[in-house]
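Chains as they are written, first to last, in the numbering used here: chain F, 7 to 377; chain U, 4 to 690.
Everything on this sheet refers to the single structure shown next.
Structure representation (structure tokens):
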């Protein structure tokens, strides 16, 4: 029972409301995380109408637990309620749609299982054909299907840094969407498959440009699914770039940029400095820090499965952030290193015609590169 | 015998001498009727000058002494004992304040300050001539104490009094000792067993030969006063007389039955905390699954405030219920959680360990208890502020944490002891901060829940305190009071009994219509309220007789009355404020001329009328701020009297705008000054 298993969280909550104040979703819906915990306190959480709607509005950004006065891990409660909702047949339709998508198409985007041929630049493809490197570049679903420019830029930069790497011909989804939506058993099956694929790839290191995949491999696999990718060192592109970047990286034109900490890289994985080091090492980058950054950075709204459940709400959260926090900085561009954030911001900017460019970290580095 | 008055005027260094022309005042004094000797001194309170005073008294055969110096609140005892050493009765000394009342507050007007000093000395001499010798009063006090109530407070006090070596009569109206503790089990927060406490106390009491316990015994009659109470006890219909020196009231409290609230009395399985205690102790509660505890019943309303112990009691019982019913859901509906200090940890840990659900209900919030139509059980509906919605639960037990009142026996007891209790039957102490365990009547004390609801720890603290208070006069063997006491002229008294009703100290015993009341000088505090209330002016107060005060008024207004405001100031708060204004060197107009009384209650209507007849510019009465009169009710009586006088004068078309009153604390120097200034301004006196 949730109220027994998580009594340390539920009973310790003093209902101060700091969590709700820190939550990105409460600006764009009637979601109230404090009230959700209160329902658990009063054991009124099994109501079907409640289970069908509210647990699915959380972006899993962890901002509430970061700022909680008691340090309570509130998002865990949300996950448990999602699992309960699924068990009680009270989950929204999109949940089973996503499950089907992953089963059939190996990605949350209901498109054909993609191979590297679907996204990779021709010139790059030639160079990759005969690679037997022990470093694998893990692309991720979103870059390969929705934002191939991120994948290509990353490959460019890795090449410029003289890092030999290989790419899986047929890369599966890491399974994170299943975990986000509480389909833990299905996620476990997935993870075992991924582990096999990686073992067969015969690699020592893995670098990914997706913060979500990075967090999934390093934290969610061992902690939630009990799957251990032993012998493979998992790295994020920001870490690899920051370690290897050199003075050759300079921009043609100076540009004023700010950086958005993705929740999966930041609060979930504690990687704050590597991306900043990369930006500061590139000559021509005029870097302005957001007022709320690092541990208390705001969430763009694109996490926790929200992009699959209600992408419009995610866009609203992102546009609030753009107008309230980012535009006032007077920057020309916003940098992030999470494909979900990238996608969400891009959609928001297009819809609201906001004069701002969005870059993945690799794209900024790639601008310095001439192949 | 003709009065031979000696006047001693102090310079107080330059404090007085720097503003007032002291030599001039001495010269003026020496020419007054009745004055045979006048002298000035640098500091007349100094050892040399005090011995000079003694010599002067002998040399000039002085039989009255007036000192004109600082404030009586500092050196009056000094001069009184000096005068006594010179062989003169100390009640023949009059103290005039020309520092706080003149030189310090009229610095910018040395001429007028000197005039005022002369006036004040003249008033002092006029009073001194009329002074009579007086005597300190001593009553002997024995070593017996009667304690009413055999609960925790009574038992604790009994042991503490007996341990001091005194004898104790402990009476309890029920058949056994223990009081509320007999209904309790383990006590929060330390899990001590209530029964063990009772057993321990009873064992100690039994072993103590100084304590005599009488159960099934109540108080029937009380006569007398401290050191000399004659008490009748009733035991199973038999009367018994005992004598005692002091009395401690420890009669405890009782839950207010919440009849008609939250379904109490209408549906089954709804109990008060004490009823629940009895069931828990006798293990007769039975299994429960859903328990609702509603706090603050009958409390925090227009009638009474927080019950002080409900929160701790409710959590204690919630824990016991959960320990006996591990799967039960327990809800506590509360207004605030009023728990102090480290008990908060007990509370928090209990809530977390037993998953007790706390639901706050607002001051105007309704909790509805009704019948659950589906199964005939109970349903409870409340609004949870945090979830922003109504919740409904189905309790199989509802516990109401209700407020308290004093024991029903207090209705009779307060009359027997002549003490006061509030509408909730809780006894009222003499002063909430300064004398919390005393009654206004000497020799009677109170402790425990008889005073207000409190925890076991607090009860023990107070009982030890009350035992100490009762021990003081018993150890000394006597109580002594100043001889400023009331006396009645039996020729004038018509036995109306108004004085006995007025006296807050029980010092006047009304007997019947055929004889004057009995004035117990030992209990009289000298406030003079009885004298001012007496319709036939039959009562006078030593050192503040009607004649003396009227003489001061007459003399003060003999010259330039239209420039003078007569200010009657009580010794405690008003004079305190006046002195503070002096120390702070506030400047105010010289029109104010102060006549000291012990209490504003002394100010008779005819004093005010006399001042107006003599064409005073104004009359000010200054006393202690409400509700804390030094003599309990003097200020109230005085205020009512002034209002009645004004109505009477207005009917005769006499202008009452000259009559002012102000009620302040001894710290209110600024308030006295601003009142004085306002009065002078409004009455257009401008000095």
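Ideal Cβ placement from N, Cα and C applies to all residues, glycine included.
- Nearest neighbour of residue 591 of chain U by Cα position, chosen from U:545, U:688, U:555 and U:525, turns out to be U:688.
- Residue nearest to residue 358 of chain F within the set F:325, F:334, F:337 and F:20 is F:325 (criterion: CA-CA distance).
- Any Cβ of chain U closer than 8 Å to the Cβ of residue 48 of chain F would place that residue at the interface, and such an atom is present.
- Nearest CB-CB separation between residue 32 of chain F and chain U: not below the 8 Å threshold.
- Between residue 18 of chain F and chain U, the shortest Cβ-Cβ separation is below 8 Å.
- Note that the region 222 to 232 of chain F touches the region 170 to 187 of chain F; at least 3 beta-carbon pairs, one per stretch, sit closer than 8 Å.
- Taking CB atoms only, residue 58 of chain F has no neighbour in chain U less than 8 Å away.
- Only buried fits residue 596 of chain U, as 16 or more other CB atoms lie within 10 angstroms of its CB.
- Taking the C-beta atoms as reference points, residue 307 of chain U is found nearer than 8 Å to residue 406 of chain U.
- Under the Cβ criterion (8 Å, minimum of three pairs), the region 440 to 456 of chain U counts as touching the region 413 to 423 of chain U.
- Distance check between residue 613 of chain U and each of U:549, U:117 and U:676 places U:549 closest, using alpha-carbon atoms only.
- Not flagged as an interface residue toward chain U: residue 54 of chain F, since no C-beta distance is shorter than 8 Å.
- Annotation: residue 460 of chain U to residue 191 of chain U spans about 11 Å, alpha carbon to alpha carbon.
- Within 9 Å of the CB of residue 384 of chain U, no CB atom of chain F is found; the nearest one sits about 14 Å away.
- Going by C-alpha positions, residue 581 of chain U is about 7 Å away from residue 104 of chain U.
- Here the alpha carbons of residue 176 of chain U and residue 157 of chain U stand approximately 12 Å from one another.
- With 16 or more other Cβ atoms inside 10 Å of its own Cβ, residue 369 of chain F counts as buried.
- In the displayed model, residue 476 of chain U falls within a helix according to three-state DSSP.
- Checking the DSSP bridge columns, you'll see residue 373 of chain U partnered with U:382.
- Nearest CB-CB separation between residue 389 of chain U and chain F: below the 8 Å threshold.
- Taking 8 Å as the upper bound on Cβ-Cβ separation, chain F lies near residues 354, 355, 358, 360 and 362 of the region 347 to 381 of chain U.
- Under the 8 Å criterion on CB atoms, residue 82 of chain F is classed as non-interfacial with respect to chain U.
- Per the Cβ contact rule, the region 599 to 608 of chain U is in contact with the region 625 to 632 of chain U (3 or more Cβ pairs under 8 Å).
- In terms of Cα proximity to residue 255 of chain F, the closest of F:102, F:367 and F:272 is F:367.
- Positions of the alpha helix (DSSP H) runs, each at least 4 residues long and wholly inside the region 228 to 269 of chain F, are given as 243 to 250 in order along the chain.
- The three-state reading of DSSP puts residue 366 of chain F in strand, counting E and B together.
- If you draw a 10 Å sphere on the C-beta of residue 248 of chain U, you find 16 or more other C-beta atoms in it, and that means buried.
- DSSP places residue 481 of chain U inside the beta strand (DSSP E), whose first and last residues are 481 to 484.
- Comparing C-alpha distances from residue 661 of chain U to each of U:678, U:639 and U:534 shows the shortest one belongs to U:678.
- Only exposed fits residue 539 of chain U, as fewer than 16 other CB atoms lie within 10 angstroms of its CB.
- Counting only the Cα atoms, residue 594 of chain U lies some 14 Å from residue 111 of chain U.
- In this structure, residue 102 of chain U sits near residue 18 of chain U, with a CB-CB distance shorter than 8 Å.
- Residue ranges of uninterrupted beta strand (DSSP E) with 3 or more members, entirely inside the region 395 to 442 of chain U and ordered along the chain, are 400 to 405 and 407 to 409.
- Collapsing the DSSP output to three states places residue 259 of chain U in coil.
- Closer than 8 Å to the CB of residue 304 of chain F there is not a single CB belonging to chain U.
- In the three-state DSSP reduction, residue 38 of chain U falls in the strand class (E or B).
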